[in-house]
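I have placed the structure first, in the form of structure tokens, so that the comments after it can refer back to it.
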Amino acid sequence: MHKLDGLFATYFRRVAFFCVLVVLTGAPLWIGQIRVGNLLVSMGSTSDLFKLAQESIASSMFATRFLFTYLQGSFSLNSLIVSFVSSFRLHEFLFLMFIVYLATLHPEGYRLKAVRWAAMGVFALQGILYVLAGYSLYSAYYAGSGAQAVALLQTLGFFCVAVSWIEAFGMTLASFIALSLVKREEID
Numbered sequence: 002m003h004k005l006d007g008l009f010a011t012y013f014r015r016v017a018f019f020c021v022l023v024v025l026t027g028a029p030l031w032i033g034q035i036r037v038g039n040l041l042v043s044m045g046s047t048s049d050l051f052k053l054a055q056e057s058i059a060s061s062m063f064a065t066r067f068l069f070t071y072l073q074g075s076f077s078l079n080s081l082i083v084s085f086v087s088s089f090r091l092h093e094f095l096f097l098m099f100i101v102y103l104a105t106l107h108p109e110g111y112r113l114k115a116v117r118w119a120a121m122g123v124f125a126l127q128g129i130l131y132v133l134a135g136y137s138l139y140s141a142y143y144a145g146s147g148a149q150a151v152a153l154l155q156t157l158g159f160f161c162v163a164v165s166w167i168e169a170f171g172m173t174l175a176s177f178i179a180l181s182l183v184k185r186e187e188i189d
């Protein structure tokens, strides 16, 4: 237990620990978003729309799990709330909590400001991605033709892949910055 106390002994160590946890809990999230994005980008026709529902790939992203859970029940507010809560996974909840903690840091120097801005950027990009996913899925459901639905979902897929790589790179870089602060603190 004494060894674990060393992880939280200083402010910089706590920040570095939470940065690493964000990357570890975010990795399954980003991988799932990339998988769904690649599937959506590779769609060629409306027959490919059914691959999303038939494969286990639909369970890799919160937005698709939520949509399928919601469509299985009645269209009511109670069903919406139950679908939202039941679609969350533990690593996504932990990722959200860790990213909110890092986004609310009180930075002392420009390096910690970079960590905070990276966390706020990831939080904002995730929010934009899920709003866009909800809008795209809703619009594709009510699209005038299958070609329009496929075009909307291909755009969503490209955005999923791009945002996931940007978030992963940004938080990995923020983790290295936080770890360098710990190393600098040990040297001083």
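Residues 2 to 189, numbered by the working numbering, are exactly what the sequence shown covers, in order.
Where is the CB? At the ideal position from N, CA and C, for every residue including glycine.
Taking just the CA atoms, how far does residue j sit from residue i?
| i | j | result |
| --- | --- | --- |
| Q34 | R117 | 23 Å |
| V183 | A141 | 48 Å |
| Y102 | S146 | 44 Å |
| Y111 | L91 | 32 Å |
| F177 | I129 | 26 Å |
| M2 | L153 | Reliability of the predicted coordinates at M2 is poor, the pLDDT of 49 falling under 50, and no value is obtained from them. |
| F96 | Y143 | 32 Å |
| E168 | A150 | 27 Å |
| F18 | A148 | 46 Å |
| A119 | L30 | 17 Å |
| F166 | I100 | The displayed chain sequence assigns Trp, not Phe, to residue 166. In a straight line, the C-alpha of W166 is about 16 Å away from that of I100. |
| A115 | L138 | 34 Å |
| T11 | V37 | 39 Å |
| M98 | V16 | 13 Å |
| S46 | Q155 | 11 Å |
| A175 | C20 | 7 Å |
| M172 | Q127 | 13 Å |
| V23 | F94 | 11 Å |
| E109 | A28 | 28 Å |
| L185 | A104 | The identity of residue 185 in the sequence shown is Arg, whereas the question assumes Leu. Answer to the nearest angstrom: the Cα atoms are 22 Å apart. |
In this structure, does DSSP put residue i in helix, strand or coil?
| i | result |
| --- | --- |
| L157 | helix |
| Y111 | helix |
| A163 | helix |
| S181 | helix |
| Y143 | coil |
| L133 | helix |
| S48 | helix |
| S176 | helix |
| L106 | coil |
| Y12 | helix |
Would you mind sorting residue i into buried or exposed? The rule is 16 or more other CB atoms within 10 Å of its CB.
| i | result |
| --- | --- |
| T26 | buried |
| S181 | exposed |
| G158 | buried |
| F13 | buried |
Touching by the beta-carbon criterion (3+ pairs, under 8 Å), the region 109–124 and the region 133–144: no
Cβ contact check for the region 160–173 and the region 38–46: 3 or more pairs under 8 Å: yes
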